[in-house]
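Trainee:
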Amino acid sequence: MYNKTTSFIQTDGFRLKVIEQGQGPTLLIIGSADYYYRIMPVDIYQHFCCVFIDHRGFAHCERPVNLNDVSLEQISQDVELACRQLHVERCWVMGHSGHAYMALDFAYRFPTRVKGCALIGASPSLSEEIRTLQMANWEKHACQDRKTAFEKSIALLEGDIQLEPHRKFSHLCRRLGPMRWFNPDFDELPLWRDIPMHTALLDKLWGNEFAYLDISAYTQAIALPTLVLGGLQDFSIAPLSAWSDVHPPFCNADFISLPECGHTPMLEQPDAFITALRDFITH
Numbered sequence: 526m527y528n529k530t531t532s533f534i535q536t537d538g539f540r541l542k543v544i545e546q547g548q549g550p551t552l553l554i555i556g557s558a559d560y561y562y563r564i565m566p567v568d569i570y571q572h573f574c575c576v577f578i579d580h581r582g583f584a585h586c587e588r589p590v591n592l593n594d595v596s597l598e599q600i601s602q603d604v605e606l607a608c609r610q611l612h613v614e615r616c617w618v619m620g621h622s623g624h625a626y627m628a629l630d631f632a633y634r635f636p637t638r639v640k641g642c643a644l645i646g647a648s649p650s651l652s653e654e655i656r657t658l659q660m661a662n663w664e665k666h667a668c669q670d671r672k673t674a675f676e677k678s679i680a681l682l683e684g685d686i687q688l689e690p691h692r693k694f695s696h697l698c699r700r701l702g703p704m705r706w707f708n709p710d711f712d713e714l715p716l717w718r719d720i721p722m723h724t725a726l727l728d729k730l731w732g733n734e735f736a737y738l739d740i741s742a743y744t745q746a747i748a749l750p751t752l753v754l755g756g757l758q759d760f761s762i763a764p765l766s767a768w769s770d771v772h773p774p775f776c777n778a779d780f781i782s783l784p785e786c787g788h789t790p791m792l793e794q795p796d797a798f799i800t801a802l803r804d805f806i807t808h
């Protein structure tokens, strides 16, 4: 049921993987196609035609990469190219974690292509100010068992990166696990198995582009329906309340917090995630 198809988009030496599955309104999901396919609940394909699209940070490249290969604008151009080649017309777009900024940028640059935008597990940016809010929430609301688990986990990160510097991103996600997951002992490393990673490009995005992001440029320009969905037990980013400090705010946004969930609602509370997404799109 709901046959899965895989294809590739060639652009500037990169081979972007695309996975399509499901029925219903088209939902573009930007990130690593394989990663997001692995964590998406299977029941979502009853309600949406999901189109998972790699970005350059997670795509095979036939040449050495350089820092000029990636930016939010370049990623949006790649997604638009994919939409044209796949004959995707107007659609909904979703981004999780840092990929939420990619979804926003795509909606900003191609508003006639996008019906609405779903931002999952995302704070307004990754700036120092926002990180301060994150850490204050962590200190105040995380239990001691979670903090102890984090201290043990993060102590192993340096050794992981020394062994596999080319897989820094996945090791960082794994060792931040007690901040990221409702179950602080969850090991997400298998979810990243065999996924290409360009550390230099990912470092540029997460360490620079997202850290200095001017979210107000998007909130004042995007009039499309926007969903901001987070987990109450997500300590890896600032709490959902950080969005209330953004001026101007989104003019047409819903904010939802799931109680038994960390950074990844589609895997941690799949039924509630699907319900929230369906309610957002149908209303």
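Residues in the sequence shown are numbered consecutively from 526, following the working numbering. For glycine and all other residues, C-beta sits at the position ideal for the given N, C-alpha and C. As the structure is a computational prediction, the values presented were derived from the model and not from experiment.
1) How about the segment 653-669 and the segment 558-567: do they share at least three Cβ pairs that are nearer than 8 Å?
2) For Lys815, report the span of its beta strand (DSSP E) as first-last.
3) What residues are listed by DSSP as bridge partners for Gly756?
4) If you drop the 5 nearest sequence neighbours on each side, which residues of the same chain put their C-beta closer than 6 Å to that of Pro809?
5) To test your reading of the DSSP string, which unbroken alpha helix (DSSP H) runs of 4 or more residues are found completely within the segment 712-778?
6) Does the segment 729-737 come close enough to the segment 780-790 that 3 or more CB-CB pairs lie under 8 Å?
7) Hey, out of Asp594, His612, Val595, Arg588, whose CA is closest to Val543's CA?
8) Please state whether the Cβ-Cβ distance between Arg581 and Val595 is less than 8 Å.
9) With respect to the beta strand (DSSP E) encompassing Gly582, which residues constitute its N-terminal and C-terminal limits?
10) From what residue to what residue does the beta strand (DSSP E) around Ser622 run?
11) Tell me whether Leu552 sits in a helix, a strand or coil according to DSSP, three-state version.
12) Please state if the CB of Asp712 and the CB of Arg700 are separated by a distance shorter than 8 Å.
13) With Ile806 and Ala632 assumed to form a contact (beta carbons below 8 Å), what rounded beta-carbon distance in angstroms separates them?
14) Can you name, in chain order, every residue of its own chain whose Cβ lies under 6 Å from the Cβ of Lys693, other than the five neighbours on each side?
Mentor: By the coordinates alone:
1) no
2) The first residue shown for the chain is 526 and the last is 808, placing residue 815 beyond what the model contains.
3) Numbered from 1 along the sequence shown, position 231 holds the residue referred to as residue 756. Its beta-bridge partners are Leu783.
4) With the chain covering only 526 through 808, there is no way to say anything about residue 809.
5) 724-729, 740-744
6) no
7) Sequence index remark: in the sequence shown, residue 543 carries index 18 (1-based). Cα-wise, what sits closest to Val543 is His612.
8) For this step, residue 581 is matched to residue 56 along the sequence shown. For this step, residue 595 is matched to residue 70 along the sequence shown. Closer than 8 Å, so yes.
9) Reading the sequence shown from its first residue, position 57 is the one you call residue 582. Here Gly582 belongs to no beta strand (DSSP E), and DSSP marks it neither H nor E.
10) Working through the sequence shown from its first residue, we reach residue 622 at position 97. Run containing Ser622: none; DSSP gives neither H nor E here.
11) To locate residue 552, count along the sequence shown from 1; it is residue 27. Note: Leu552 maps to strand in three-state DSSP.
12) Mapped onto the sequence shown, residue 700 falls at position 175. Mapped onto the sequence shown, residue 712 falls at position 187. Result no, Cβ atoms of Arg700 and Asp712 do not sit closer than 8 Å.
13) On the sequence shown, position 281 is the one that residue 806 refers to. On the sequence shown, position 107 is the one that residue 632 refers to. That pair is no contact at about 14 Å.
14) On the sequence shown, residue 693 is found 168 positions in, with the first residue counted as 1. So the list reads Ile686, Thr724, once near-sequence residues are dropped.
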